[in-house]
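Notes follow the structure.
There are 2 protein chains.
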Amino acid sequence: MIYPKLLQGLIDYLKKLPGVGEKSAERMALSLINMDASEISDLSNILVLSKKGLKKCEICGALTEDNICTICSSDTREKNLICVLEDFKGVFAFEKSGKYNGCYHVLDGLISPIDGIGPDDINISSLIKRLENLNNPEVIIALKPSIEGETTTLYLKKVLENKNIKISRLSYGIPVGVDIDYLDELTLFNALNDRKDIS
Amino acid sequence: MIYPKLLQGLIDYLKKLPGVGEKSAERMALSLINMDASEISDLSNILVLSKKGLKKCEICGALTEDNICTICSSDTREKNLICVLEDFKGVFAFEKSGKYNGCYHVLDGLISPIDGIGPDDINISSLIKRLENLNNPEVIIALKPSIEGETTTLYLKKVLENKNIKISRLSYGIPVGVDIDYLDELTLFNALNDRKDIS
Chain A
2 MIYPKLLQGL IDYLKKLPGV GEKSAERMAL SLINMDASEI SDLSNILVLS
52 KKGLKKCEIC GALTEDNICT ICSSDTREKN LICVLEDFKG VFAFEKSGKY
102 NGCYHVLDGL ISPIDGIGPD DINISSLIKR LENLNNPEVI IALKPSIEGE
152 TTTLYLKKVL ENKNIKISRL SYGIPVGVDI DYLDELTLFN ALNDRKDIS
Chain B
2 MIYPKLLQGL IDYLKKLPGV GEKSAERMAL SLINMDASEI SDLSNILVLS
52 KKGLKKCEIC GALTEDNICT ICSSDTREKN LICVLEDFKG VFAFEKSGKY
102 NGCYHVLDGL ISPIDGIGPD DINISSLIKR LENLNNPEVI IALKPSIEGE
152 TTTLYLKKVL ENKNIKISRL SYGIPVGVDI DYLDELTLFN ALNDRKDIS
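Protein chains in written order, with our numbering: chain A, 2 to 200; chain B, 2 to 200.
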């Protein structure tokens with residue numbers, strides 16, 4: 002073992018983070034060790050506090066410090082427009098875009114028969130209940146174009162139809178900044194299917 | 002503010018780590034929040050313990066959990082061969098290579114008149130004391146080829162000469178995996194100067 006045990010332990014923990022390999026974990030651990038003791042104890046506290054203090058909004062499932070998130074408790078958001086997301090990280094992505102003024106509903110997963118995840122294992126019933134109490138609700142399904150994402154979208158479409166709810170899903174297609182010749186076949190196929198009439 | 006305050010605090014801390022930008026810090030923070038509470042408290046503890054438990058070896062200055070590091074207290078290392086390094090991270094780099102069986106001496110800095118760092122501000126006197134107690138000592142200076150590195154190397158050469166000590170420095174030259182046409186001028190100049198006779 003090259004590193005002292007404590008340092009190796011820290012490296013092993015950091016390696017669990019997304020996008021952090023052996024080399025970056027080592028650099029990060031050595032840099033952490035070089036921080037002041039006060040900074041280290043601050044970081045250590047904020048880690049525990051974040052885990053303890055952050056919970057899911059009782060209405061939409063977004064990450065929040067209160068029982069109800071700032072979006073659900075805001076007066077200026079459109080309450081009858083609900084964007085359905087796989088997990089709470091999507092909320093931050095939408096909020097960053099600054100282009101959306103509706104509310105959210107986090108499913109906390111996708112239907113995946115292979116993994117034994119059915120409609121009852123994700124937050125679909127709470128979505129239906131929410132929609133029943135809204136006036137002229139509109140649902141935007143924002144799930145990724147994978148088998149699980151599309152299965153879930155189809156399921157939602159089925160359970161929400163005939164309820165006078167406007168339903169749409171995000172368009173699938175070419176992301177910004179990518180050359181057509183580097184696109185995978187499925188994305189190209191989706192972009193073709195979702196093509197927009199500009200005539 | 003898009004993120005809850007606690008989460009933003011965590012992101013701000015993670016951004017201080019080397020190689021971690023806004024985007025990676027966000028991903029890492031969200032992934033940390035998703036860990037089990039027990040894992041979080043483990044990580045938090047190990048952070049504080051690492052900072053408290055790791056200190057500098059009293060002989061060579063390498064990072065260790067004990068007063069004397071495993072290298073200095075080992076019976077199988079060559080005690081009269083000393084590799085001089087700028088900081089303790091270099092020790093791990095050498096140990097990983099597995100090609101070196103001597104000991105180390107960490108200077109904890111380089112001479113830098115511009116920054117007001119003189120020979121007395123780094124661990125040079127302790128190196129001289131160590132060498133005086135050794136039989137036929139040999140010193141390998143492993144400092145980077147920068148102004149500070151070369152100034153320090155020259156200074157060490159001056160204070161150690163006429164003491165019957167064999168002194169060498171690492172060769173400067175072309176790193177593995179780099180195309181010649183991408184090399185900076187100084188590296189190329191150094192590689193030319195340090196060229197090896199193979200006739």
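The beta-carbon is built from N, C-alpha and C at its ideal position, and this holds for glycine as well.
In this text, all values refer to a predicted model and were calculated from it rather than measured experimentally.
| Asked | Found |
| --- | --- |
| At 8 Å on the CB atoms, spell out the chain B contacts of residue 65 of chain A, in chain order. | 5 |
| Out of curiosity, what's the CA-to-CA distance linking residue 1 of chain A and residue 100 of chain A? | Given that chain A is displayed from residue 2 to residue 200, the structure contains no residue 1 of chain A and the question cannot be resolved. |
| Between the region 80-112 of chain B and chain A, which residues of the former have CB atoms less than 7 Å from a CB of the latter, in chain order? | 90, 93, 96, 97 |
| Using only CA atoms, which one of B:36, B:179, B:19 lies nearest to residue 32 of chain A? | B:19 |
| Using 8 Å as the threshold, is the region 136-148 of chain A in touch with the region 71-87 of chain A, meaning 3 or more CB pairs across them? | yes |
| Among the residues of its own chain, which have a CB less than 7 Å from the CB of residue 59 of chain A, if the five just before and after it don't count? | 68, 69 |
| Does chain B have any CB closer than 7 Å to the CB of residue 179 of chain A? | no |
| Do residue 111 of chain A and residue 149 of chain A have their CB atoms nearer than 7 Å? | yes |
| Please return the same chain residues whose Cβ sits closer than 6 Å to the Cβ of residue 171 of chain A, not counting the five positions on each side in sequence. | 143 |
| Check this for me: beta carbons of residue 14 of chain A and residue 184 of chain B, under 7 Å apart or not? | no |
| Which residues does DSSP pair with residue 12 of chain A in a beta bridge? | Beta-bridge pairing links residue 12 of chain A to no other residue. |
| Can you list, in chain order, the residues of its chain with a C-beta nearer than 7 Å to that of residue 117 of chain A? Leave out the 5 residues immediately preceding and following it. | none |
| Is it the case that the CB of residue 120 of chain A approaches a heavy atom of the ligand SAH more closely than 6 Å? | Among the components of this structure there are no ligands whatsoever, and the ligand SAH is therefore not found. |
| Taking its Cβ as the centre, do 16 or more other Cβ atoms sit within 10 Å of residue 77 of chain A, making it buried, or is it exposed? | exposed |
| Quick check on residue 30 of chain B: buried or exposed, where buried means 16 or more other Cβ atoms within 10 Å of its Cβ? | buried |
| Just the Cα atoms here: how many angstroms apart are residue 154 of chain A and residue 166 of chain A? | 14 Å |
| Can you grab the Cα-Cα spacing for the pair residue 164 of chain A / residue 175 of chain A, in whole Å? | 32 Å |
| When you compare only the Cα positions, how much space is there between residue 188 of chain A and residue 180 of chain A? | 12 Å |
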